[in-house]
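In what follows, a single structure is set out as structure tokens and then discussed.
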Amino acid sequence: MATTQETQRSEPATAEGKAELDVFRYIPEEDDEPHTETYEIETFEGMTVLDALIKIRDEQDSSLTVRHSCRMARCGSDAVYINGTQRLACNTQVSELSQPIDVEPLPRFDVIRDLVVEMNEFYDRMESVEPWFQPDHEPETGEEYLQSPENRKNIDTVLDCIWCGACTSSCSPAATDSDFPGPAALAKAYRFYKDEREGEETRKRRLEMLESSHGIYRCHTQFNCTEVCPKGISPTEAIMEMSRDAVKEKLRFWR
Amino acid sequence: MKKHDVLIVGAGGAGLRAAVAAHEAGADVAMVTKLHPVRSHTGAAEGGINAALKEEDDWKDHAYDTVKGSDYIGDQDAIETMTEEAPKEVINLENMGMAFSRDENGRVSQRAFGGLSFPRTTYASDKTGHMLLHTMYEQVMKRGVTVYDEWHVTNVVRDNGKCHGVVAYDIQSGEMEGFTAGATVFATGGMGQVFEHTTNAVSCTGDGMSMAYRAGVPMEDMEFVQFHPTTLPSTGILITEGCRGEGGILYNNKGERFMYEYGYAPNDGELASRDVVSRAELTEVQEGRGFADDTVHLDLTHFGEEKIEERLSQILELARDFEDVDPVTEPIPVKPGQHYSMGGIACNADGETELPGMYAVGEAACVSVHGANRLGGNALLELVVFGRLAGEHAANNHLTNVSTKSVEEAVKDERARIDSLMDGTGEHQSEIRQDVQDIMTEKVNVFRDEEGLMDALETIHEARERYQNVNVKDTSHTFNTDLTQTIELRSILDVAEAVTLGALERTESRGAHWRYENQERNDDDWLKHTMVYHTDDGPTVEYEDVEIKEYKPKARSY
Chain A
1 MATTQETQRS
11 EPATAEGKAE
21 LDVFRYIPEE
31 DDEPHTETYE
41 IETFEGMTVL
51 DALIKIRDEQ
61 DSSLTVRHSC
71 RMARCGSDAV
81 YINGTQRLAC
91 NTQVSELSQP
101 IDVEPLPRFD
111 VIRDLVVEMN
121 EFYDRMESVE
131 PWFQPDHEPE
141 TGEEYLQSPE
151 NRKNIDTVLD
161 CIWCGACTSS
171 CSPAATDSDF
181 PGPAALAKAY
191 RFYKDEREGE
201 ETRKRRLEML
211 ESSHGIYRCH
221 TQFNCTEVCP
231 KGISPTEAIM
241 EMSRDAVKEK
251 LRFWR
Chain B
1 MKKHDVLIVG
11 AGGAGLRAAV
21 AAHEAGADVA
31 MVTKLHPVRS
41 HTGAAEGGIN
51 AALKEEDDWK
61 DHAYDTVKGS
71 DYIGDQDAIE
81 TMTEEAPKEV
91 INLENMGMAF
101 SRDENGRVSQ
111 RAFGGLSFPR
121 TTYASDKTGH
131 MLLHTMYEQV
141 MKRGVTVYDE
151 WHVTNVVRDN
161 GKCHGVVAYD
171 IQSGEMEGFT
181 AGATVFATGG
191 MGQVFEHTTN
201 AVSCTGDGMS
211 MAYRAGVPME
221 DMEFVQFHPT
231 TLPSTGILIT
241 EGCRGEGGIL
251 YNNKGERFMY
261 EYGYAPNDGE
271 LASRDVVSRA
281 ELTEVQEGRG
291 FADDTVHLDL
301 THFGEEKIEE
311 RLSQILELAR
321 DFEDVDPVTE
331 PIPVKPGQHY
341 SMGGIACNAD
351 GETELPGMYA
361 VGEAACVSVH
371 GANRLGGNAL
381 LELVVFGRLA
391 GEHAANNHLT
401 NVSTKSVEEA
411 VKDERARIDS
421 LMDGTGEHQS
431 EIRQDVQDIM
441 TEKVNVFRDE
451 EGLMDALETI
461 HEARERYQNV
471 NVKDTSHTFN
481 TDLTQTIELR
491 SILDVAEAVT
501 LGALERTESR
511 GAHWRYENQE
521 RNDDDWLKHT
531 MVYHTDDGPT
541 VEYEDVEIKE
551 YKPKARSY
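Laid out in structure tokens, this is it:
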């Protein structure tokens with residue numbers, strides 16, 4: 001799983017004991033500027049940052065606001081910025097972190113309130129790559145499309161994307177170019193691009209679409225997205241592979 | 001005011017499938033969800049989706065397995081519809097691009113699951129729900145269906161004996177708005193948050209069940225609550241039945257394979273149906289053969305890392321991250337946890353409820369195909385089969401004479417109710433909620449008795465009193481989760497009461513419902529559906545016949 005590399009500010013919390021959290025607080029409609037609220041809580045064994053935030057909300061300050069739902073790293077609601085890294089609050093152990101634990105909303109996203117950010121721009125980026133199955137032929141069997149286990153395996157890692165936004169938050173080209181789909185959307189594009197069921201025509205069309213001026217070549221291959229992905233996906237490698245393929249197609253055309 | 005032909009409330013697998021079907025049938029369709037579609041709890045389903053796809057298999061065997069699994073209280077006409085339509089719907093998912101795991105011939109893979117006579121659970125690693133949810137949302141994006149996300153529906157608009165739409169609260173802005181619709185489809189999911197120890201998301205609060213109930217539609221068979229045999233003890237997180245389907249073994253603290261050793265399921269062992277395995281586990285614990293935290297051990301260490309990585313990769317992640325256990329080298333401690341509601345909003349196979357214009361589908365609904373115990377792999381199937389049928393029916397039969405005025409009036413009333421919640425001076429919702437969840441997990445769990453059920457009812461009634469003056473401390477109109485959780489708490493109370501009342505009245509043991517005083521199934525008195533109706537003086541219970549066709553009730557063993 002994702003690990004944080006950070007300078008030790010103090011000893012990590014023990015399994016059972018106390019933890020201190022510095023939490024970003026801000027309601028743009030009501031506050032002049034953001035501020036940090038410090039909370040001290042009793043911890044328990046296995047406590048996650050989400051558990052800690054819920055405990056604060058239930059016992060100390062019910063106005064503290066964070067999106068969360070499944071609490072098992074599946075719904076992708078609770079990507080936040082913990083001690084300087086994009087992570088899911090629900091699968092980050094309090095005991096692993098140096099204190100005070102700094103919890104902020106995802107950088108480069110607009111804040112709606114506290115740790116809740118505006119996701120619509122992210123969703124638009126996802127939608128921009130036409131992330132739906134576009135087969136260019138009918139299934140050979142009349143029933144299902146055949147797909148080799150190897151081909152299915154090729155797309156396995158990117159299929160696990162939960163749309164949490166952590167990668168896109170970490171990506172500098174995405175921050176400066178709103179037409180650049182960003183790592184999550186390009187990993188989603190790769191999921192279809194590599195799926196042999198769509199057929200050769202669709203594959204070519206997808207590649208042409210992705211190499212537009214705001215497309216795959218914008219990636220700086222810094223691997224920030226790969227480092228922060230809570231699902232172990234490497235959008236960078238997916239983008240690099242598509243870029244290589246696009247260059248190869250061009251060479252073939254010129255020859 | 002928003003206006004659509006068909007409005008789908010909830011955007012998990014069932015809602016998305018209904019939306020696609022309604023759109024294809026030509027209706028103006030929109031979805032409203034308190035989350036965003038991809039955050040829905042369908043994504044957490046792991047194991048798979050059942051369908052008799054293979055030549056050696058027969059949908060009628062699937063139907064029989066489902067009837068037997070239901071302990072004969074599932075409606076057999078609906079079960080036949082589901083199992084006969086299953087192959088078509090699963091292939092349809094594949095044709096929409098869903099990334100099923102593949103066998104060496106490139107066909108979709110299937111594996112064994114509990115209570116099935118044939119390995120017909122079609123899967124995508126151990127992330128089948130995730131793949132299904134994302135595939136369905138892709139189809140909704142492709143069709144440009146309008147989605148109102150992070151809108152919390154709070155009320156059904158009932159006037160002149162029909163449904164005119166809903167009232168919803170915009171979580172981001174705090175505004176309330178009316179949604180007028182000729183057909184309103186409730187696909188709002190389950191109610192696991194009624195219990196303390198559950199596999200369900202925090203958002204699974206039974207809102208749709210409660211709203212339908214308050215609009216006069218009964219909740220059906222609510223006492224039948226599934227407790228999944230393999231959940232992580234510290235969090236309730238689900239460890240898929242696919243582990244046992246692939247050959248995982250359950251051991252007690254004496255190293256015995258207790259499912260066989262103690263005769264709980266002499267033929268099927270670990271792959272008996274979920275109610276049987278959950279009872280066996282807790283019996284082992286009660287008789288001193290369990291491990292710490294009331295657990296037994298699920299052993300996958302004989303699989304080897306490669307097989308676990310390939311077929312159960314999510315389980316590796318979950319066990320390591322949330323229980324600090326490595327399934328490759330050590331057994332996973334597991335215990336039963338609330339997982340699924342067999343009961344729900346009473347409706348027929350087209351999703352129609354008693355209230356014209358109102359439909360229900362998915363876990364929120366009770367068609368009923370699961371009866372007293374759902375088989376693993378039948379929930380995702382229910383979502384797509386009945387999602388399609390409800391979507392089509394709603395598109396072709398939506399009312400044309402719904403009243404915008406009725407909806408406007410309802411918005412005013414709801415605004416007043418929500419505002420009054422902000423004025424309370426009593427306890428915080430989290431305290432009341434915790435007490436209800438605790439008593440439900442303590443007294444309305446796998447084993448039930450009259451005294452415990454009476455205690456639970458009393459706690460629920462007290463909680464209702466406390467709720468009258470509940471205190472929402474957060475005064476902001478922006479993303480006020482203190483308020484939305486307080487709104488959800490009323491749903492939790494309604495559902496908890498219906499579950500407990502149904503369980504108290506049903507003096508027999510059937511499927512997931514087990515009573516200490518009456519440990520046998522009693523078909524003479526109890527082969528019938530429980531219908532709980534809302535009245536101003538509290539719930540009333542009525543009963544309806546079960547649809548029996550080919551399969552006559554007989555003793556059930558695995």
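Quick mapping for you: the protein sequence lines, in order, are chains A and B. Everything in the first sequence is counted per the UniProt record's numbering, starting at 1 for the first residue and increasing by one. Everything in the second sequence is counted per the UniProt record's numbering, starting at 1 for the first residue and increasing by one. We put the beta carbon where it would ideally sit given N, CA and C, even for glycine. Note that the structure is predicted; figures quoted are calculated from it, not measured.
Q: Taking Gly344 of chain B as the reference, give the member of B:Gly189, B:Asn92, B:Ala27, B:Met131 with the closest Cα.
A: For the purposes of this step, residue 344 of chain B is taken as the residue at position 344 of the second sequence. The shortest C-alpha separation from Gly344 of chain B is found at B:Gly189.
Q. If you check the beta carbons only, do Arg39 of chain B and Cys75 of chain A fall under 8 Å apart?
A. Counting from 1 along the second sequence, the entry for residue 39 of chain B is found at position 39. Counting from 1 along the first sequence, the entry for residue 75 of chain A is found at position 75. Going by C-beta atoms, Arg39 of chain B is nearer than 8 Å to Cys75 of chain A.
Q: Give a yes or no on whether the C-beta atoms belonging to Thr128 of chain B and Gly26 of chain B are separated by under 8 Å.
A: Residue mapping note: residue 128 of chain B aligns to position 128 of the second sequence, counting from 1. Residue mapping note: residue 26 of chain B aligns to position 26 of the second sequence, counting from 1. No, the Cβ-Cβ distance between Thr128 of chain B and Gly26 of chain B is not below 8 Å.
**Q.** Element boundaries [beta strand (DSSP E), containing Cys163 of chain B]
**A.** Position 163 of the second sequence, counting from 1, holds the residue named residue 163 of chain B. Unbroken beta strand (DSSP E) run through Cys163 of chain B: 162-170.
Q) What's the C-alpha gap between Glu94 of chain B and Gly199 of chain A? A) Translated into the one-based positions of the second sequence, residue 94 of chain B becomes position 94. Translated into the one-based positions of the first sequence, residue 199 of chain A becomes position 199. Whole-angstrom Cα-Cα distance: 15 Å.
Q.
Give me the chain B residues within the contact set of Pro149 of chain A, using Cβ-Cβ distance strictly less than 9 Å, ordered along the chain.
A. Here residue 149 of chain A refers to the residue found at position 149 when the first sequence is read from its first residue. Residues of chain B passing the Cβ test: Ser101, Arg102, Asp103, Glu104, Gly106, Ser109.
Q: Indicate the three-state DSSP secondary structure (helix, strand or coil) for Ala175 of chain A in the structure shown.
A: Position 175 of the first sequence, counted from the first residue, corresponds to residue 175 of chain A. Reduced to three states, the DSSP call for Ala175 of chain A is helix.
Q | Exposure of Met1 of chain B, with buried meaning 16 or more beta-carbon neighbours within 10 Å | A | Here residue 1 of chain B refers to the residue found at position 1 of the second sequence. Result: exposed.
(Q) What residue range does the beta strand (DSSP E) around Ala79 of chain A cover? (A) As a working note, residue 79 of chain A is residue 79 in the first sequence. From DSSP, the beta strand (DSSP E) with Ala79 of chain A extends over 79-82.
**Q.** Cross-chain neighbours of Phe133 of chain A in chain B, by beta carbon under 9 Å
**A.** Walking along the first sequence from the start, residue 133 of chain A turns up at place 133. Correct list: Asn95, Met96, Gly97, Met98, Thr135, Glu138, Gln139, Lys142.
Q) For Trp132 of chain A versus Glu24 of chain B, is the C-beta distance shorter than 8 Å? A) Here residue 132 of chain A corresponds to residue number 132 of the first sequence, with the count starting at 1. Here residue 24 of chain B corresponds to residue number 24 of the second sequence, with the count starting at 1. Contact: no.
Q) Which chain B residues are close to Tyr145 of chain A, counting only those with a beta carbon under 8 Å from its beta carbon? A) Taking the first residue of the first sequence as position 1, residue 145 of chain A is located at position 145. Within chain B, the residues near Tyr145 of chain A are Glu94, Asn95.
Q. Can you give, in chain order, each stretch of the alpha helix (DSSP H) that sits fully within the segment 259-307 of chain B and has at least 4 residues?
A. 274-286
Q: Just mark Asp275 of chain B as buried or exposed, buried being the case when its beta carbon has 16 or more other beta carbons within 10 Å.
A: Taking the second sequence and counting its residues from 1, the one referred to as residue 275 of chain B is at position 275. Asp275 of chain B comes out buried.
**Q.** Segments assigned alpha helix (DSSP H), at least 4 residues, entirely inside the segment 303-386 of chain B
**A.** 305-311, 313-323
**Q.** For Thr507 of chain B, three-class secondary structure by DSSP
**A.** Numbered from 1 along the second sequence, position 507 holds the residue referred to as residue 507 of chain B. Coil at Thr507 of chain B, not helix or strand.
**Q.** Cβ pair residue 286 of chain A, Val117 of chain A closer than 8 Å
**A.** Since the first residue of chain A shown is 1 and the last is 255, residue 286 of chain A is not available in this structure.
Q.
Short of 9 Å Cβ to Cβ, which residues in the UniProt domain "4Fe-4S ferredoxin-type" (151-181) of chain A face chain B?
A. Asn151, Arg152, Lys153, Ile155, Asp156, Leu159, Asp160, Cys161, Ile162, Trp163
Q.
Contact criterion: CB-CB distance below 8 Å. Does Thr226 of chain A meet it with respect to chain B?
A. Along the first sequence, one-based indexing puts residue 226 of chain A at 226. No, Thr226 of chain A lies away from the interface with chain B (no Cβ there is under 8 Å from its Cβ).
Q. Applying a beta-carbon distance threshold of less than 7 Å, which residues of chain B neighbour Arg108 of chain A?
A. Taking the first residue of the first sequence as 1, we reach residue 108 of chain A at position 108. Residues of chain B passing the Cβ test: none, with the nearest at roughly 19 Å.
Q) Less than 7 Å between the CB of Val369 of chain B and some heavy atom of the ligand GDP, yes or no? A) This structure lacks the ligand GDP, and indeed carries no ligand of any kind.
(Q) So, for Asp249 of chain B: in the same chain, excluding its five sequence neighbours on each side, which residues have a beta-carbon less than 7 Å away from its beta-carbon? (A) The residue you call residue 249 of chain B lines up with position 249 of the second sequence. According to the sequence displayed, residue 249 of chain B carries Ile and not Asp. Cβ neighbours of Ile249 of chain B beyond the five flanking positions: Arg257, Glu270, Asp299.
Q: Output, in chain order, the set of chain B residues within a Cβ distance shorter than 7 Å of Asp58 of chain A.
A: Start at 1 with the first residue of the first sequence, and residue 58 of chain A comes out as number 58. What Asp58 of chain A touches in chain B: Ser430.
Q.
Under 8 Å, CB to CB, which of the residues in the segment 38-61 of chain B have a partner in chain A?
A. Val38, Arg39, Ser40, His41, Gly43, Ala44
(Q) By the DSSP assignment, the beta strand (DSSP E) with Met176 of chain B in it spans what residues? (A) Residue numbering aside, residue 176 of chain B sits at position 176 when the second sequence is read from its first letter. Note, Met176 of chain B: beta strand (DSSP E), 176-186.
Q: Within the same chain, show all residues whose beta-carbon is closer than 6 Å to that of His4 of chain B, passing over the 5 residues directly before and after it, in chain order.
A: The count along the second sequence starts at 1 and reaches residue 4 of chain B at position 4. Cβ neighbours of His4 of chain B beyond the five flanking positions: Asp28, Ala30, Ala181.
**Q.** Listed by chain order, chain A residues near Ile237 of chain B by CB distance under 7 Å
**A.** One-based indexing of the second sequence puts residue 237 of chain B at position 237. Chain A residues near Ile237 of chain B: Met72.
Q: Work out the CA separation of Glu408 of chain B and Asp58 of chain A for me, nearest whole Å.
A: By 1-based counting over the first sequence, the position of residue 58 of chain A is 58. By 1-based counting over the second sequence, the position of residue 408 of chain B is 408. Asp58 of chain A and Glu408 of chain B: Cα-Cα distance of roughly 35 Å.
Q: Could you tell me the distance, in whole angstroms, from the CA atom of Asp350 of chain B to the CA atom of Val296 of chain B?
A: For this step, residue 350 of chain B is matched to residue 350 along the second sequence. For this step, residue 296 of chain B is matched to residue 296 along the second sequence. Looking at the two C-alpha atoms, the distance is approximately 41 Å.
Q) Could one say the Cβ of Phe186 of chain B lies closer than 8 Å to chain A's Cβ atoms, at least one of them? A) Taking the first residue of the second sequence as 1, we reach residue 186 of chain B at position 186. Not one chain A Cβ lies under 8 Å of Phe186 of chain B.
Q: For Leu527 of chain B, I'd like the list of residues in its chain whose CB is within less than 6 Å of its CB, leaving aside the five on either flank, ordered along the chain.
A: As a first step, residue 527 of chain B is located in the second sequence; it is residue number 527 there, counting from the start. Same-chain partners within the cutoff: Val546.
Q.
Any contact between the segment 216-223 of chain B and the segment 494-514 of chain B? By contact I mean 3 or more CB pairs, one from each, below 8 Å.
A. yes
**Q.** Alpha-carbon spacing of Pro119 of chain B relative to Thr230 of chain B, whole angstroms
**A.** Residue 119 of chain B sits at position 119 when you count from the first residue of the second sequence. Residue 230 of chain B sits at position 230 when you count from the first residue of the second sequence. Their Cα atoms are separated by approximately 20 Å.
Q: Look at Val145 of chain B and Thr122 of chain B and say whether their C-beta atoms are less than 8 Å apart.
A: Position 145 of the second sequence holds residue 145 of chain B. Position 122 of the second sequence holds residue 122 of chain B. Going by C-beta atoms, Val145 of chain B is not nearer than 8 Å to Thr122 of chain B.
Q) Is any beta-carbon of chain B found at less than 8 Å from that of Gly17 of chain A? A) Position 17 of the first sequence holds residue 17 of chain A. No - not a single Cβ of chain B is within 8 Å of the one on Gly17 of chain A.
Q: From the DSSP output, in three-state form, read off Ile8 of chain B for me.
A: Locating residue 8 of chain B in the second sequence gives position 8, counting from the first residue. Three-state DSSP puts Ile8 of chain B in a strand.
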